[in-house]
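S.K.: Questions regarding the structure given below will be posed in turn.
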Amino acid sequence: MWRLPRLGALRCVSGVMSAAGAAKIVRCEDTLGEATKTDDTDLDFDMSGESSLEEGLKAPGPLESWDGEARRLTGLNTFLGAKIEVAKPLSPNFVMRHSAQLGSSPSGQGSEHYSCSAQVFNENVICVGTLDQNGAVEGHIIVPKLGEGVSSKLILFMSGKNDMFFHDVEFAGETLNAGFRWGNNVMGWQGPMCQVSYTQAVSPQLSLGAEAQLLNGLATPASTVTAKYDTPDDTWVGTLKSHFQPCGEGEDGMAELNLLYHRKVVKERVNLAAGLQVVPGAMHAASSFGAEFALHQSTVSTAWQPAQGHLQTTVTVKHNQAMQMTLSAEAFFGQQNPQTGEKADAFRFGYGLSLG
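Here this note's numbering runs 44 ahead of the position in the sequence shown, where the first position is 1.
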């Protein structure tokens with residue numbers, strides 16, 4: 045039988061460029077006035093089928109970025125003492141940056157820190173080099189578009205002891221991401237390592253991913269399986285990790301379950317997050333909570349880890365595009381003094397200023 049044409053129907057074909065472009069092209073063809081011939085068994089109610097489902101899929105991104113927002117809210121970047129950072133563009137493609145900190149250091153070891161970095165970039169490559177007061181050198185070379193859908197990143201850290209490097213190669217398809225990493229002395233593990241990861245969009249909201257790591261001294265690779273359910277207002281991320289013992293100390297390791305939830309209460313204004321970590325083999329469980337409130341010129345963030353009795357709060361005030369002030373405070377309730385063995389509360393405060 046013949047069916048009347050659907051008025052104003054649009055057929056859209058979507059495609060995704062490379063990860064560096066991060067742009068989406070949509071081509072719509074007006075099908076106004078087209079007639080469709082069907083038979084008596086055709087039950088076309090114009091519902092979403094397989095083709096429309098595929099059009100709504102997009103690459104879910106690298107696995108390590110899935111829970112980044114929730115972890116940022118539940119574990120704030122607090123510091124002790126004073127910190128100042130000055131950035132000066134010397135040309136449109138060259139930026140110098142100086143960073144000084146008194147009272148603590150980014151690594152947590154030492155009471156002072158200074159570093160100077162230079163950043164050179166264009167549309168094809170980004171190069172960053174950093175030198176600190178101890179002579180440690182850190183370098184980043186990022187190629188956003190090595191090929192069609194392929195990006196590359198190389199990171200080096202040389203301090204004269206336990207030098208570290210790793211090289212990432214990422215591929216972004218229309219509905220998937222795949223990555224390969226190889227390096228040495230990565231993630232605090234001595235010796236060479238390699239890692240492969242894969243993520244796949246199953247539906248517009250659900251994505252699945254897996255990762256395997258082969259580390260020096262491990263009899264069996266460590267593996268990670270992750271699921272992410274993402275909506276405009278909520279993001280759920282569940283991760284199951286397997287930790288294996290070094291060779292000669294047993295073949296079995298402990299599994300670790302991590303659940304993270306991020307709620308966008310008011311878009312770009314109010315964010316809430318919660319996390320749960322469970323290690324059944326060690327009879328260990330820990331939770332964390334975070335909240336962020338963005339006002340006109342300031343942002344207030346707070347995080348709470350009940351098991352550690354750790355409370356963190358930061359207030360960031362942006363006076364203009366080139367000046368930002370940060371107030372940092374954290375408290376440890378019932379922390380044990382390593383010298384006396386007595387439990388007492390501890391408080392730390394910090395002030396930061398960023399120019400440029």
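A virtual CB, placed ideally from N, CA and C, is assigned to each residue, including glycine. On a predicted model such as this, the values are computed, not experimentally measured, just so you know.
#1: Less than 8 Å between C-beta atoms, sequence neighbours within five positions excluded: which residues of the same chain meet that for G179?
#2: On the three-state DSSP scale, how would you describe A180?
#3: Assess, as a yes-or-no matter, whether the region 121-130 is touched by the region 375-391 under the definition of 3 or more beta carbon pairs within less than 8 Å.
#4: Would you list the one or two residues that DSSP bridges to N364?
#5: What does DSSP give as the partner residue(s) for N302 in the beta ladder?
#6: What residue from F138, A317, T357, L107 has the CA that sits closest to G173's CA?
#7: From the DSSP output, which residues share a beta bridge with Q380?
#8: Using DSSP bridges, identify the partner residues of T343.
#9: Suppose you measure from the CA of S195 to the CA of V187; what does that come to, to the nearest Å?
#10: Drop a sphere of 10 angstroms on the beta-carbon of Q177, count the other beta-carbons inside from all chains shown, and report buried for 16 or more, exposed for fewer.
#11: Tell me whether S149, by its Cβ, gets closer than 7 Å to a heavy atom of the ligand ATP.
#12: In whole angstroms, what is the alpha-carbon distance linking T270 and G253?
#13: Report buried or exposed for T275, applying the criterion of at least 16 other Cβ atoms within 10 angstroms of its Cβ.
#14: I need the DSSP call for A103, collapsed to helix, strand or coil.
#15: According to DSSP, is S109 helix, strand or coil?
#16: Is C160 near L175, with beta carbons less than 8 Å apart?
#17: Distance, Cα to Cα, M367 vs R115?
#18: Let me know if F224 comes out buried or exposed under the rule of 16 or more other beta-carbons within 10 Å of its beta-carbon.
#19: What does the alpha-carbon distance come out to for the pair K362 and G396?
#20: Would the beta-carbon of F337 fall within 8 Å of that of V344?
#21: At what residue ranges does the region 174-246 contain a whole run of the beta strand (DSSP E), taking only runs of 3 or more?
#22: Identify whether A351 lies in helix, strand or coil by the three-state DSSP scheme.
#23: Mind checking whether A245 and T219 have CB atoms under 8 Å apart?
#24: Identify whether L252 lies in helix, strand or coil by the three-state DSSP scheme.
#25: For A144, which residues from the same chain have a beta carbon less than 6 Å from its beta carbon, with the 5 sequence-adjacent residues on both sides left out?
#26: Just the Cα atoms here: how many angstroms apart are L101 and L250?
#27: For G319, I'd like the list of residues in its chain whose CB is within less than 6 Å of its CB, leaving aside the five on either flank, ordered along the chain.
#28: Hey, could you find the ends of the beta strand (DSSP E) T270 is sitting in?
#29: According to DSSP, is S92 part of a helix, a strand, or is it coil?
#30: Return yes when the Cβ of L120 is within less than 8 Å of the Cβ of A347, no when it is not.
#31: Between which residues of its own chain and A329 is the CB-CB distance below 6 Å, once the five residues before and five after are set aside?
#32: Is DSSP giving L120 helix, strand or coil here?
#33: Is R115 helix, strand or coil when you go by DSSP?
M.R.: Reading off the structure:
#1: In the sequence shown, counting from the first residue as 1, residue 179 sits at position 135. Excluding sequence neighbours, G179 sits near S203, G204.
#2: Position 136 of the sequence shown holds residue 180. Note: A180 maps to coil in three-state DSSP.
#3: no
#4: Against the sequence shown, residue 364 aligns to sequence position 320. Partner(s): M367.
#5: For the purposes of this step, residue 302 is taken as residue 258 along the sequence shown, with counting starting at 1. For N302, which the question treats as bridged, DSSP gives the partners T283, Q321.
#6: Residue 173 sits at position 129 when you count from the first residue of the sequence shown. For G173, the nearest C-alpha among the options comes from F138.
#7: Here residue 380 corresponds to residue number 336 of the sequence shown, with the count starting at 1. For Q380, which the question treats as bridged, DSSP gives the partners K387.
#8: To locate residue 343, count along the sequence shown from 1; it is residue 299. Beta-bridge pairing links T343 to A338, T360.
#9: Your numbering for residue 195 matches position 151 in the sequence shown. Your numbering for residue 187 matches position 143 in the sequence shown. Straight-line Cα distance between these residues: approximately 6 Å.
#10: By 1-based counting over the sequence shown, the position of residue 177 is 133. By the neighbour-count rule (16 or more Cβ atoms within 10 Å), Q177 is not buried but exposed.
#11: Only the bare structure without any ligand can be found here, which leaves the ligand ATP out of the picture.
#12: Counted from its first residue, the sequence shown places residue 270 at position 226. Counted from its first residue, the sequence shown places residue 253 at position 209. Distance between the alpha carbons of T270 and G253 is about 5 Å.
#13: Locating residue 275 in the sequence shown gives position 231, counting from the first residue. Label assigned to T275: exposed.
#14: Working through the sequence shown from its first residue, we reach residue 103 at position 59. Correct three-state label for A103: coil.
#15: Working through the sequence shown from its first residue, we reach residue 109 at position 65. It is helical.
#16: Looking up residue 160 in the sequence shown gives position 116. Looking up residue 175 in the sequence shown gives position 131. Closer than 8 Å, so yes.
#17: The residue given as residue 367 occupies position 323 in the sequence shown. The residue given as residue 115 occupies position 71 in the sequence shown. Approximately 26 Å between the Cα atoms of the pair.
#18: Residue numbering aside, residue 224 sits at position 180 when the sequence shown is read from its first letter. Exposed, by the Cβ-count rule.
#19: Counting from 1 along the sequence shown, the entry for residue 362 is found at position 318. Counting from 1 along the sequence shown, the entry for residue 396 is found at position 352. Roughly 12 Å between the two C-alpha positions.
#20: Taking the sequence shown and counting its residues from 1, the one referred to as residue 337 is at position 293. Taking the sequence shown and counting its residues from 1, the one referred to as residue 344 is at position 300. Cβ distance < 8 Å, so F337 and V344 count as in contact.
#21: 181-191, 194-202, 208-216, 220-228, 236-245
#22: Looking up residue 351 in the sequence shown gives position 307. Reduced to three states, the DSSP call for A351 is coil.
#23: In the sequence shown, the residue the question calls residue 245 occupies position 201. In the sequence shown, the residue the question calls residue 219 occupies position 175. Yes, the pair counts as a contact, with Cβ atoms nearer than the cut-off.
#24: Locating residue 252 in the sequence shown gives position 208, where the first residue counts as 1. In this structure, L252 counts as strand in the three-state DSSP scheme.
#25: If you number the sequence shown from 1, residue 144 lands on position 100. Around A144: I128, Y158.
#26: Here the question's residue 101 lines up with position 57 in the sequence shown. Here the question's residue 250 lines up with position 206 in the sequence shown. Those two C-alpha atoms are separated by around 10 Å.
#27: Working through the sequence shown from its first residue, we reach residue 319 at position 275. Counting only Cβ-Cβ distances below 6 Å, and skipping sequence neighbours, we find T118, L304, S332.
#28: One-based indexing of the sequence shown puts residue 270 at position 226. Element bounds for T270: 266-274.
#29: Counting from one through the sequence shown, the residue named residue 92 turns up at place 48. The predicted position of S92 is uncertain, since its pLDDT is 43 and thus under 50; a value taken from the coordinates is nonetheless stated next. Correct three-state label for S92: coil.
#30: To locate residue 347, count along the sequence shown from 1; it is residue 303. To locate residue 120, count along the sequence shown from 1; it is residue 76. In contact: A347 and L120 (Cβ atoms closer than 8 Å).
#31: Here residue 329 is taken as the residue at index 285 of the sequence shown, counted from 1. Answer for A329: V322, listed in chain order.
#32: Counting from one through the sequence shown, the residue named residue 120 turns up at place 76. In the structure shown, L120 sits in coil (DSSP, three-state: anything other than H, G, I, E or B).
#33: Taking the sequence shown and counting its residues from 1, the one referred to as residue 115 is at position 71. Note: R115 maps to helix in three-state DSSP.
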